[in-house]
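Scroll down for the structure; my scribbles are underneath it.
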Amino acid sequence: MRLASTAVSVDGGLYTWVTELAQRSPAALDTAVRLWSEYGLVLFALLMLVSWWRSRSGDPARTAMALSAPLVVVAAFLANEVVKSAFHEQRPCRTLHVVTVEACPALNDWSFPSNHTAIAVAAATAIWLADRRLGAVAVTAAALMAASRVWIGVHYPHDVLAAVVTGVLVAWPLTAAARRCAPAVLRLRDTALRPLVAAR
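FYI, my numbering numbers position 127 of the sequence shown as 249, with every residue one higher than the one before it.
Here it is, written out as structure tokens:
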């Protein structure tokens, strides 16, 4: 299913406004946003690692949720890919031919929904459920990741909104279900794998 004309009519004007704003912004800001958009997912990996480390001294259900976070993110990415394969939406930078901060991705590198956003939101959701303090950082970072994808010109606003929905709908129930693995975590605390699930 191709969404090119529909996408332009939905929020093409907003996309154009954002990309024109980016062109008028200081080069240093554009560079910072571009680098964040490209490499910011590393922060979510670090936050998941910290969430796991902190969870070892607490409730085993929390530990189970923290351990499940990487798998939850993979599941969200796969779900997003399924949606992306069903809706062949060209990148807005190809449909609208605007000047963008980031070079436009290759033809038929579909835009809807945003993989970066889905991954960031899924990670933020999983971290939030396991650790509220880290979750606040992760949620803020996920919002910045979503915004950055529009700012650099590779996604329409609705691409990132759809990815937010996908990330939350996948990550929330899977992370909540991971709480049921608390008994397994307790059993592991009596084995050689104790360092993975419990602090000294």
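We put the beta carbon where it would ideally sit given N, CA and C, even for glycine.
*Terminal residues of the alpha helix (DSSP H) in which His280 lies*: 279-300
_Using a Cβ-Cβ cutoff of less than 6 Å, which residues in the same chain neighbour Ala240 once the five nearest sequence positions on both sides are dropped?_
Ala198, Asn202, Ala285, Thr288, Gly289
*Report the option in Val282, Asp152, Pro148, Pro182 whose CA atom is closest to the CA atom of Leu308.*
Pro182
*Look at Ser147 and Ile274 and say whether their C-beta atoms are less than 8 Å apart.*
no
*Going straight from the alpha carbon of Asp253 to that of Lys206, what length do you get?*
30 Å
*Which listed residue (Ala293, His219, Arg213, Thr141) has its alpha carbon closest to that of Ala245*: Ala293
*For His238, name the three-state secondary structure that DSSP assigns.*
helix
*Measure the C-alpha to C-alpha separation of Ala167 and His280 and round it to an integer number of angstroms.*
25 Å
*Should Asn230 go down as buried or exposed, given a rule of 16 or more other Cβ atoms within 10 Å for buried?*
exposed
*In this structure, does DSSP put Asn202 in helix, strand or coil?*
helix
*With a CB to CB cut of under 7 Å and the five nearest residues on each side skipped, what residues in its chain are close to Cys215?*
Thr222, Cys226, Gly275, Val276
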